[in-house]
């Protein structure tokens, strides 16, 4: 039986990955400090959940590492992921120290390492966004992820490491993220209450919206991919207005958007995201399968079941 460690495994993407790995027959160990993760995200999970911070990962896993089978794969989703976290220094220190611990553990175990990076490090650069284009860092979160990519590139000279630059992920089990949860989630909550969905003027901003089930598939593909950092998106632009249209269709509503002035400027707000998926298709062997409107319907059926 293959064995996996998932840090942040009670969080949004992590929990979806954990449940799929277990469904596929993996023995899975979860480490999560439950800051934004929720135990209910792992309902039905039969494996071990260790509550703690990945800054002390090896000490938390001491008993597991002494007598247990080495991890075939380590999936790292245990970072601070809120781009508007109030303490920049905390984001940088927490994310980089935690990643260093994970990289060291993977080297000791001889494990393949897959970690979450972000499309946020492209900022307001040209679209479609390519892995090698100049970076434009708008947040401490983006800076931490770029530094992690640099650490991974150096470490990958001697161990297999794949970074996945997620675009705008949405889907089941994201509610625990709070404010950083997807627009699909927040707008659905408004519309389910009969409120008009509120959008920045005039709803024409675009996002590369990717369903979490596709993101889980990308993580599994990454176990077989050459080391590197890859975009994980659809390559298809979706405007905020199109999100509202898809939600109206899925929820059986007919609510018109309420537009309001943009509260951010270009120094802190990523106006558009769109992935160039060429490298991911070629090297990662990944191409998103979920059509946006079908994904929204699937998500709403789960969210309001």
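In the numbering used here, the protein residues as written are 9 to 313. We treat Cβ as the ideally placed atom computed from N, Cα and C, and that holds for glycine.
With a Cβ-Cβ cutoff of 8 Å, do residue i and residue j count as a contact?
i           : j           : result
residue 243 : residue 284 : yes
residue 40  : residue 106 : no
residue 67  : residue 49  : no
residue 79  : residue 11  : yes
residue 13  : residue 37  : yes
residue 131 : residue 175 : no
residue 225 : residue 301 : no
residue 278 : residue 246 : no
residue 223 : residue 170 : no
residue 147 : residue 282 : no
residue 25  : residue 53  : no
residue 1   : residue 227 : For residue 1 there is no data in the structure shown, the boundaries of the chain being 9 and 313.
residue 184 : residue 45  : yes
residue 55  : residue 35  : yes
Just reading off the beta strand (DSSP E) that residue i is part of, what are its end residues?
i           : result
residue 84  : 81-84
residue 171 : 169-174
residue 302 : Run containing residue 302: none in the beta strand (DSSP E); it sits in the alpha helix (DSSP H), 300-311.
residue 262 : Premise fails: residue 262 is in no beta strand (DSSP E) and is neither H nor E.
residue 315 : Only positions 9 to 313 of the chain appear in the structure, and residue 315 is not among them; the question remains open.
residue 59  : 56-59
residue 296 : Per DSSP, residue 296 belongs to no beta strand (DSSP E) and is neither H nor E.
residue 35  : 35-40
Enumerate in chain order the residues of its own chain whose CB-to-CB distance from residue i is below 8 Å, with the five nearest sequence positions on each side excluded.
i           : result
residue 110 : 15, 62, 65, 82, 84, 86, 121 and 123
residue 269 : 208 and 209
residue 263 : 199, 202, 203, 204, 205, 252 and 256
residue 115 : 163, 166 and 167
residue 280 : 132, 135, 213, 214, 215 and 245
Cα separation between residue i and residue j?
i           : j           : result
residue 310 : residue 150 : 31 Å
residue 189 : residue 182 : 6 Å
residue 298 : residue 258 : 15 Å
residue 295 : residue 96  : 34 Å
residue 158 : residue 164 : 10 Å
residue 51  : residue 99  : 29 Å
residue 139 : residue 239 : 7 Å
residue 221 : residue 94  : 30 Å
residue 196 : residue 88  : 25 Å
residue 308 : residue 261 : 13 Å
residue 233 : residue 71  : 30 Å
residue 118 : residue 273 : 45 Å
Using a Cβ-Cβ cut-off of 6 Å (strictly less than) and excluding sequence neighbours within five positions of residue i, which residues of its own chain qualify?
i           : result
residue 219 : 179, 298 and 303
residue 58  : 39 and 68
residue 153 : 125, 126 and 129
residue 248 : 207, 211 and 213
residue 229 : 292, 293 and 294
What residue range is occupied by the uninterrupted alpha helix (DSSP H) comprising residue i?
i           : result
residue 225 : 220-230
residue 151 : 148-163
residue 272 : Residue 272 -> no alpha helix (DSSP H), and no H or E assigned at all.
residue 20  : 20-31
residue 69  : Unbroken run through residue 69: none, as it is neither H nor E.
residue 193 : 191-200
Taking only heavy atoms of the ligand MG into account, decide whether any of them is closer than 7 Å to the Cβ of residue i.
i          : result
residue 90 : Of the ligands one can find in the structure shown there are none, so the ligand MG has no counterpart to examine.
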